[in-house]
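Enquirer: Got a structure here, written out as structure tokens. Questions coming.
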Amino acid sequence: MSVVLILGGYGAVGREAALALSGRPDMKVIVGGRHPDRARPIPGVTSVRVDAADPADLATSLEGITTVLMCAEVGNDRVARACLERGIGYVDVSASHDVLTAIEELDDLATAHGATAALSVGLVPGVTNLLARVVAERSPDSGLDIGVLLGSGEQHGSAAVAWTLDGLGVLEGSWTTAFPEPYGARTVHRFPFSDQYTLPRTIAVPSARTGLCLDSRLFTTLLAAARRPAVAGLLRRPRIRELLLKALAKIHLGSDGFAVTVSAGTAQASLSGHSQSRATGRAAALLVRHLPGLPAGVRHIEQLVDPLAFLTELAAAGFVLDVDN
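Next comes the structure, spelled out in structure tokens:
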């Protein structure tokens, strides 16, 4: 039986992954974090206190574990190392390029211990990477345009909001993306999601760029304004940042809908639905289920699974997959 430990398991993504994996006869699921009192009970899922930042506590929590799903950003490369040197599989949903780059350096360690580390596992990166591989195979000499539309009405944790604020103004550029209905053509603003950095190397495309917009046009306009250097610098001031995080936690203008679209030349593919947290959690859970049959080493999701087969299986959970021929 596989024993899966979900670190950051009390958050929205971790909970969705736990729900997707719970009840399987071949799997025991444990959710761990520093605040077990925040965990909402899931039948058949065990909650434990784990401080991933404490090496001794982490080591104890890994006893008897076969796979770790990392749904937080707390020393991810150190957690990955602790897993891989014990032969434990590791799956990471992080969207930060520097986090994933640090884990990539553990490839030799993973191979030596016969363990697999799967990176870029979620909605973006993750689903976007798989869509990118689909369209790149149809138009191999074209650069990738990746559009991400997120629901501004969905409840997001403070860490996710803070991460978004930190990414504002890092990259320049905007373009129009044709999202599936009901969204249509929308302007996206370039944002430092990790997929655009890894894809030119993992699937050998000439270039890749990822842009973000929100389902609320008003919030997207504010997002564009916040990318200006002067405004972005102001938002990073501790007091202003604290006030803004509190305000954003209370304001939910828009829906929980999302859509991701990737185009290359005349080829285009998209996945859409409701709740980006659910999509990320479901994608991560599906990869965890596939992990035992995957080769050892550190790889990104598009290097590990058949993209159309994986996306089709994911879409069966209530999402809409649309691939142009």
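To convert, note that position 176 of the sequence shown is 164 in the numbering used here; the numbers rise steadily by one, no gaps.
Where a beta carbon is used, it is the ideal one built from N, C-alpha and C, also for glycine.
Just so we're clear, the structure is a prediction, and the values are computed from it rather than from any experiment.
With distance defined between alpha-carbon atoms, name the residue in Cys59, Ala8, Val(-8) and Leu(-5) nearest to Ala305.
Expert: As a first step, residue 305 must be located in the sequence shown, where it is residue number 317. The candidate whose alpha carbon is nearest that of Ala305 is Ala8.
Enquirer: Hey, how far is the Cα of His177 from the Cα of Ser140?
Expert: As a position in the sequence shown, residue 177 is number 189, starting the count at 1. As a position in the sequence shown, residue 140 is number 152, starting the count at 1. For His177 and Ser140, the distance between alpha carbons rounds to 15 Å.
Enquirer: Buried or exposed: where does Arg287 fall if 16 or more other Cβ atoms within 10 Å of its Cβ makes it buried?
Expert: Counting from one through the sequence shown, the residue named residue 287 turns up at place 299. Buried, since its Cβ has 16 or more Cβ neighbours within 10 Å.
Enquirer: Have a look at the DSSP bridge pairing and note the partners of Gly199.
Expert: In the sequence shown, the residue the question calls residue 199 occupies position 211. For Gly199, which the question treats as bridged, DSSP gives the partners Gly135 and Arg178.
Enquirer: Taking the continuous beta strand (DSSP E) assigned at Tyr78, which residues delimit it?
Expert: The residue you call residue 78 lines up with position 90 of the sequence shown. First-last of the beta strand (DSSP E) with Tyr78: Gly77 to Asp80.
Enquirer: Measure the C-alpha to C-alpha separation of Ala284 and Glu290 and round it to an integer number of angstroms.
Expert: As a working note, residue 284 is residue 296 in the sequence shown. As a working note, residue 290 is residue 302 in the sequence shown. Straight-line Cα distance between these residues: approximately 15 Å.
Enquirer: Going by beta-carbon coordinates alone, are Thr249 and Phe167 separated by less than 8 Å?
Expert: As a working note, residue 249 is residue 261 in the sequence shown. As a working note, residue 167 is residue 179 in the sequence shown. Yes, Cβ-Cβ distance for Thr249 and Phe167 is below 8 Å.
Enquirer: Is there contact between the segment 91 to 104 and the segment 251 to 265, where contact requires at least three CB pairs shorter than 8 Å?
Expert: no
Enquirer: I need the straight-line Cα distance from Pro13 to Leu279, nearest angstrom please.
Expert: Within the sequence shown, residue 13 is the residue found at index 25, counting from 1. Within the sequence shown, residue 279 is the residue found at index 291, counting from 1. So the alpha carbons of these two residues sit roughly 17 Å apart.
Enquirer: The beta strand (DSSP E) that contains Ile(-6), what's its start and end?
Expert: Counted from its first residue, the sequence shown places residue -6 at position 6. First-last of the beta strand (DSSP E) with Ile(-6): Ser(-10) to Leu(-5).
Enquirer: Assuming contact is defined by CB atoms lying nearer than 8 Å, are Ala272 and Val122 in contact in what I supplied?
Expert: The residue you call residue 272 lines up with position 284 of the sequence shown. The residue you call residue 122 lines up with position 134 of the sequence shown. Against a cut-off of 8 Å, the Cβ pair of Val122 and Ala272 comes out as no contact.
Enquirer: In three-state terms, what does DSSP make of Phe298?
Expert: As a working mapping, residue 298 is identified with position 310 in the sequence shown. Of the three classes helix, strand and coil, the one that applies to Phe298 here is helix, per DSSP.
Enquirer: Go to Gln256, then tell me how far its beta strand (DSSP E) extends in each direction, as first and last residue.
Expert: Residue mapping note: residue 256 aligns to position 268 of the sequence shown, counting from 1. That run of the beta strand (DSSP E) goes Ala255 to His262.
Enquirer: Roughly how far, in whole angstroms, is the beta-carbon of Glu120 from the beta-carbon of Ala192, given that I think they are within contact range, below 8 Å?
Expert: As a first step, residue 120 is located in the sequence shown; it is residue number 132 there, counting from the start. As a first step, residue 192 is located in the sequence shown; it is residue number 204 there, counting from the start. One point to set straight first is that residue 120 is Ala, not Glu, in the sequence displayed. Between Ala192 and Ala120 the Cβ distance is about 11 Å, and since that is not below 8 Å, they are no contact.
Enquirer: Please classify Arg3: is it buried, with 16 or more other beta-carbons within 10 angstroms of its beta-carbon, or exposed?
Expert: Position 15 of the sequence shown, counted from the start, is the residue given in the question as residue 3. That one is buried.
Enquirer: So, for Leu282: in the same chain, excluding its five sequence neighbours on each side, which residues have a beta-carbon less than 6 Å away from its beta-carbon?
Expert: Position 294 of the sequence shown holds residue 282. Cβ within range, chain order: Thr104 and Leu292.
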